[in-house]
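To start, the structure itself, in C-alpha cells.
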Amino acid sequence: MLARSMIAGLAALAFVVSVLSASVSAQDSGAGPATSSTAPAEPPAAPVQQQAIPAPAPAGPAATAPAPQAGPGDPAVATEENGKFFDGDSDPTFQIGPDGSVDWYTYSGFRRYHSECHVCHGPDGEGSSYAPRLVDSVKRETYAEFLEVVASGRINVHGGVQSVMPAFGTNLNVMCYVDDIYVYLRARGQADLPRGRPGKRADKPPTATEDEQACLGF
Ligand code: HEC
C-alpha cells in the first residue's frame, strides 16, 4: 500500500517536473504562440482510420489484426468448487461431459446471454452487423479483458459511425451472471459447443441459488 502510494507520488512529481520544464523551455524559445499539448485535438481529417470490427466473416489471418495477446489460455478444468469449474489460471471455465451435457453455469450462461446480449451480438454469440462475434472475442481476450469491457463498456468510431458497447457494471442481471456468460461463450469458442440450447445439463447446485440471492440482494 505504502509502496504503491509512494510510486504514485513519485510519478506525479515526475509529471509536475516535466510540465514545469516543458513550460520553461516554451518560454525560452521566445515569441510565437505556445502550442500547448493540452489544446483540443483537431477533428481527424477525412478518411477516418479504419479499425475493423471483428467481423463474423472468415477468420482469415487478416481478420484478427490486434497485437498478439496472452488470450484466455487452456480451458481444461483444473479445479472444481460446488459444480463451478476453473482452469489452470483460476479463471472460470466450462465442463462438457462425454454425452455432451454441460455444467450448470454454462447452461445458465446460455440463458443469460440470450436475455442480455444476443440483441446486439447475435444468437449463440455468432455476431451481427452491429456487434462483434463473441465466440471469437473470448478466444482472443483474457477473462480480465472480458470483464472490463462488460463492466465499463466501450465506444468506438468506425468510419464515422459510433459503435457502442453499453456498460453493464451496475446491472445485476448481467453482473451476477457474468461468469456464467463467460463460460458459455468460452465453451462455444474453445470447445465448439453446438449452437442452440444445450440439451443436457447438470442440476443447479444449491450454492448457485445461494450465490445468486446474495448477489441480487435478496
Ligand atoms: C446495445 C448493443 C449491445 C449489447 C446489448 C451488448 N453489447 Fe457487447 N458490444 C457491442 C458493440 C457495438 C461492441 C463493439 C464495441 C467496439 O467497437 O469497440 C461490443 C463489444 C463487446 C465486447 C468486446 C468484443 C471484442 O471483440 O473486443 C465484449 C466482450 C462484449 N461486447 C460483451 C457483451 C456481453 C457479455 C453482453 C451481454 C451482457 C453484451 N456485450 C451486450 C454492443 C452490445
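According to our numbering, the sequence shown is numbered sequentially starting from 9. All residues carry an ideal CB built from backbone N, CA and C; glycine is no exception. Because the structure is a prediction, the values reported are computed rather than measured.
Would you mind stating whether residue i and residue j have Cβ atoms separated by less than 8 angstroms?
| i | j | result |
| --- | --- | --- |
| PHE102 | ARG194 | yes |
| PRO206 | VAL110 | yes |
| GLY91 | TRP112 | yes |
Counting along the chain, where does the alpha helix (DSSP H) carrying residue i start and finish?
| i | result |
| --- | --- |
| ASN181 | 180–183 |
| GLN103 | Careful: GLN103 lies outside any alpha helix (DSSP H) and carries neither H nor E. |
| ALA196 | Residue identity differs from the one stated: residue 196 is Arg in this sequence, not Ala. Here the alpha helix (DSSP H) through ARG196 covers 186–199. |
| SER116 | 112–124 |
What does the alpha-carbon distance come out to for the pair residue i and residue j?
| i | j | result |
| --- | --- | --- |
| VAL172 | ALA210 | 35 angstroms |
| PRO106 | GLY133 | 23 angstroms |
| LYS212 | GLY96 | 24 angstroms |
| GLU149 | PRO83 | 13 angstroms |
| ALA222 | THR215 | 10 angstroms |
| GLY108 | ASP200 | 11 angstroms |
| PHE226 | ASP219 | 10 angstroms |
| PRO131 | HIS122 | 7 angstroms |
| ALA175 | THR87 | 31 angstroms |
Which residues bound the beta strand (DSSP E) around residue i?
| i | result |
| --- | --- |
| LYS147 | Looking at the DSSP string, LYS147 is not in any beta strand (DSSP E); the run it does join, the alpha helix (DSSP H), is 142–148. |
| PHE94 | 92–94 |
Out of the options, which one is the CA nearest neighbour of residue i?
| i | options | result |
| --- | --- | --- |
| SER160 | VAL146, ARG120 and GLY177 | GLY177 |
| ALA139 | HIS129, VAL110 and ARG162 | HIS129 |
| VAL146 | GLU89, LYS92, GLU88 and PRO100 | PRO100 |
| GLY135 | THR87, GLU89, ARG196 and GLY207 | ARG196 |
| ILE104 | THR217, VAL191 and GLU220 | VAL191 |
| VAL252 | SER137, LEU155 and PHE154 | Given a span of 9 to 226 for the chain in the structure shown, any question on residue 252 remains unanswerable. |
Quick one: residues in its chain with C-beta nearer than 7 angstroms to the C-beta of residue i, no 5 flanking neighbours on either side, listed in chain order?
| i | result |
| --- | --- |
| VAL157 | MET173 |
| GLU124 | ASN181 and VAL182 |
| PHE154 | VAL146 and TYR190 |
| ARG3 | Given that the chain is displayed from residue 9 to residue 226, the structure contains no residue 3 and the question cannot be resolved. |
Given 7 angstroms as the limit, tell me if residue i has its C-beta closer than that to any heavy atom belonging to the ligand MN.
| i | result |
| --- | --- |
| LEU224 | Summarising the ligand content, the structure contains the ligand HEC and does not contain the ligand MN. |
Sorted by chain position, which residues of the same chain lie with C-beta nearer than 6 angstroms to residue i's C-beta, five sequence neighbours on each side aside?
| i | result |
| --- | --- |
| SER116 | ASP188 |
| ILE163 | VAL172 |
Within its chain, find whatever has a CB closer than 8 angstroms to the CB of residue i; leave out the 5 residues flanking it on each side and keep chain order.
| i | result |
| --- | --- |
| LEU224 | LEU180 and CYS184 |
| ALA78 | THR150 |
| PHE93 | VAL85, THR87, PRO100, THR101, PHE102, GLN103, ASP111, TYR113 and VAL191 |
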